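Numbers in the numbering used here are just positions in the sequence shown, counted from 1, shifted up by 5.
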Amino acid sequence: MQCGILPLYIDGKFVISGHTFDNINPVNGETISLISEANEVQVASAVKAARSAVEGEWGDFSPAERALYLRKIADGIEARFEEFVAAEVADTGRPVYLARTLDVPRAIANFRTFADITASFVGESCETKLADGHLLNYTVRKPLGVIAVISPWNLPILLFSWKVAPALAAGNAVVCKPSEETPSSATLLAEVIDSVGLPKGVFNLIHGRGATTGAYLTTHPDIDAVSFTGSSKTGSTIMKTVADDVKEVSFELGGKNAAVVFADADFDAAVEGVLKSSFYNSGQVCMCSERVYVHESIFERFVEALKEKTEALSLNLPDAEGVNLGPLVSFAHREKVLGYFKLAEQEGANVITGGKVPTFGDERDKGAFVLPTIWTGLSDDARVINEEIFGPCCHIAPFRDDDEVLKRVNNSDYGLDCSIWTTDLSRAHRFSRKVHVGIVWVNTWYSRDLRTPFGGAKRSGLGREGGIFSLNTYSEITNVCVKF
Ligand code: NAD
């Protein structure tokens, strides 16, 4: 990192912009670094650099040549592994183990996976017989051009690289804006990319707030597509922005995911699974389950078991021994989550555990912590059951039969994922086909193979990424039809 100021990276050069704002550590409220904020002119020069790159030598590279760069980037992250871990931990306050086991390994895997996929991809062709000859149809994949990549704060380098890697693998140039809450690891990635000699302008990094820098990027007339991960509200704003020009979008948006525990579930595995799906990364994963439905025959036992395990979770500083949960990403986000804690009580919830800010009596009191929280007793139309909170909390409701719970799960504006816990394989298959979501997990949660499609239904997103689905997203697919 350079001089405590996080620079922009435009056309192969690090640039400190004229205006900066503070990057705050949620563990203690202290300033970690200053963030250069890109103005409209700097955003425009990043887009111009990307355009030149995609129309220059990068546009002529073969998939195998591009894959070589992606592998070098993966190696470069690996060589600076602990710096990436430190950057993620400082920006988010998450436990060090989480950054070491999830965020940074996944960033490396994203670059390696999309290198493999693009290098090994074999195209499609088909022949058609006519009365007077034949047709040979074959598919050509071309880059879309200049992609605007905009990412959120909850899994900073994981989600940032999840878009950058396939966009580059498909031959595009990118202008990327990470969240203003978590800019450090993306800046380190710019250093790695610079060090591997990727042609200038192929990867550009701009920092800044959504309403200004983000909007300068999405309203720029010379971008070809927007790949966005963040809230449904911002996704909708971006969609309107690019609607007139019918630009390509790929959206990974919010969720209000359900976990369903059937009476025949492996009880202990289901309790452990729901504990993880509700509280992992302090509930700040788009896939977390904030709605839990448990069969009435095991409801009380389940609530008691989950309460016991929840109260045993260790809330602590990132490097403390045995830490399970860190603070929320920012004090502003804590205010939002606490607003929902208050609302739950106003709507008549029973607070089974949590529901407030913990008091530790030590330095943790400076951090943006909230207690992991379980509610019961709300009716299905409560706002707490229907709006995404994005904190360590869940509501548990009993259900009677499969049709009833399916209806309640599907009765949501969102459709990202659903996890179901059952030992009845037929029931798992039947239920999975009828849930209106992008991903169903059976007896597991958040298990990912990067070759599989990832995305959401309804307000949870548009399009699918992962494996070949990402290459499709980031490519202009042209059919060439030759008569012979
Ligand atoms: P957000 O929408 O507030 O911000 C996301 C990004 O968009 C940030 O970089 C922000 O600066 C930028 N932005 C904001 N307004 C903008 C605008 N008008 N124009 C252009 N850019 C703008 O979301 P967040 O609070 O950072 O992230 C949390 C949300 O992300 C949650 O809703 C969560 O469910 C969702 N999420 C979804 C997935 C998924 O894969 N579906 C993954 C992670 C997070």
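We treat Cβ as the ideally placed atom computed from N, Cα and C, and that holds for glycine. Since the structure is predicted, the reported quantities are computational estimates derived from the model, not experimental observations.
Which of helix, strand or coil does DSSP assign to residue i?
i: T25; result: strand
i: D422; result: strand
i: T144; result: strand
i: T97; result: helix
i: I479; result: Reading off the sequence, residue 479 comes out as Tyr, not Ile. Coil at Y479, not helix or strand.
i: Y298; result: strand
i: G138; result: strand
i: H400; result: strand
i: K18; result: strand
i: L318; result: coil
i: I113; result: helix
i: N391; result: helix
i: E88; result: helix
i: E60; result: helix
i: Q7; result: Reliability fails at Q7, whose pLDDT of 41 lies under 50, so the model's placement of it is uncertain and no value is given.
i: N484; result: strand
i: E45; result: helix
i: A497; result: Because residue 497 is not part of the residues shown, which for the chain are 6 to 489, the question remains open.
i: T133; result: strand
i: P12; result: coil
i: L311; result: helix
i: V151; result: strand
i: S67; result: coil
i: I303; result: coil
i: L330; result: strand
i: L75; result: helix
Please determine, among the options, the residue with the shortest C-alpha to C-alpha distance to residue i.
i: L318; options: G331, E309, F307; result: G331
i: A373; options: P323, G64, L430, S424; result: P323
i: E393; options: S424, L376, N262, A275; result: N262
i: E83; options: E185, N142, I37, S190; result: S190
i: L421; options: R405, G443, F436; result: G443
i: A544; options: S480, N484, K488, I10; result: Outside the displayed span of the chain (6 to 489) sits residue 544, for which this structure offers no information.
i: E62; options: G206, E305, L107, D249; result: G206
i: D429; options: D271, T457, I401, Y74; result: D271
i: R456; options: D16, S475, K463, T364; result: S475
i: H338; options: P31, A349, T239; result: P31
i: R214; options: P188, A178, G366, G382; result: P188
i: V179; options: D16, F304, F459; result: D16
i: D96; options: T192, S130, N115, D80; result: T192
i: F19; options: P148, R85, V94, N209; result: N209
i: T358; options: S335, P397, R388, E340; result: P397
i: V46; options: I243, T217, D137; result: T217
i: S50; options: E35, L13, E340; result: L13
i: G471; options: L333, C181, S255; result: S255
i: D370; options: I243, F336, T315, E257; result: F336
i: G260; options: D386, P161, N415, V127; result: N415
With a 10 Å radius around its C-beta and 16 neighbouring C-beta atoms as the bar for buried, classify residue i as buried or exposed.
i: E295; result: buried
i: P226; result: exposed
i: T123; result: buried
i: K412; result: exposed
i: D229; result: buried
i: F307; result: buried
i: V52; result: buried
i: A354; result: buried
i: Q289; result: buried
i: G1; result: The question about residue 1 has no answer here: the residues shown for the chain are numbered 6 through 489.
i: V251; result: exposed
i: S465; result: buried
i: Q7; result: Note that Q7 has pLDDT 41, beneath the 50 cutoff, so the model's placement of it is unreliable and the number below is only indicative. Classification for Q7: exposed.
i: N321; result: buried
i: T478; result: buried
i: V440; result: buried
i: F284; result: buried
Between residue i and ligand 2, is there a pair consisting of the residue's CB and a ligand heavy atom that are separated by less than 6 angstroms?
i: L13; result: Looking for ligand 2 in the displayed structure turns up nothing; the ligands present are ligand 1.
Exercise. Say whether the region 264-271 touches the region 233-245, bearing in mind that this needs 3 or more beta-carbon pairs closer than 8 angstroms, one atom from each stretch.
Key: no
Quiz prompt | Cβ pair count under 8 angstroms reaching 3, the region 78-93 against the region 190-209 | solution = yes
Quiz item: Do the region 377-397 and the region 338-349 make contact, defined as three or more Cβ pairs closer than 8 angstroms?
Solution: yes
Self-check item: Contact between the region 23-32 and the region 65-85 (3+ Cβ pairs under 8 angstroms)
Solution: Not touching, per the Cβ criterion.
Quiz item: With a cut-off of 8 angstroms, do at least 3 Cβ pairs link the region 157-177 to the region 30-41?
Solution: They do not touch, by the three-pair rule.
Self-check item: Inside the region 426-481 only - beta strand (DSSP E) runs reaching at least 3 residues
Solution: 444-447
Quiz item: At what residue ranges does the region 226-279 contain a whole run of the beta strand (DSSP E), taking only runs of 3 or more?
Solution: 230-234, 253-257, 262-266
Quiz prompt | Continuous beta strand (DSSP E) assignments of at least 3 residues falling wholly in the region 162-218 | solution = 178-182, 208-210
Exercise. May I have a chain-ordered list of the beta strand (DSSP E) segments no shorter than 3 residues that lie completely inside the region 335-379?
Key: Correct list: 355-358.
Quiz item: Can we say the region 110-129 touches the region 299-308, given the rule of at least three CB pairs closer than 8 angstroms?
Solution: no
Quiz item: Can at least three beta-carbon pairs, one atom from the region 213-225 and one from the region 446-460, be found at a separation below 8 angstroms?
Solution: no
Practice problem: Spell out a yes or no on whether the region 47-60 and the region 98-110 are touching, meaning 3 or more CB-CB pairs, one atom from each, closer than 8 angstroms. | Solution: no
Practice problem: Evaluate the contact criterion for the region 93-103 versus the region 148-157: three or more CB pairs, one atom per stretch, below 8 angstroms. | Solution: Under the 8 angstroms Cβ criterion, the region 93-103 does not count as touching the region 148-157, having fewer than three qualifying pairs.
Quiz prompt | Three or more C-beta pairs below 8 angstroms linking the region 394-405 and the region 370-385 | solution = yes
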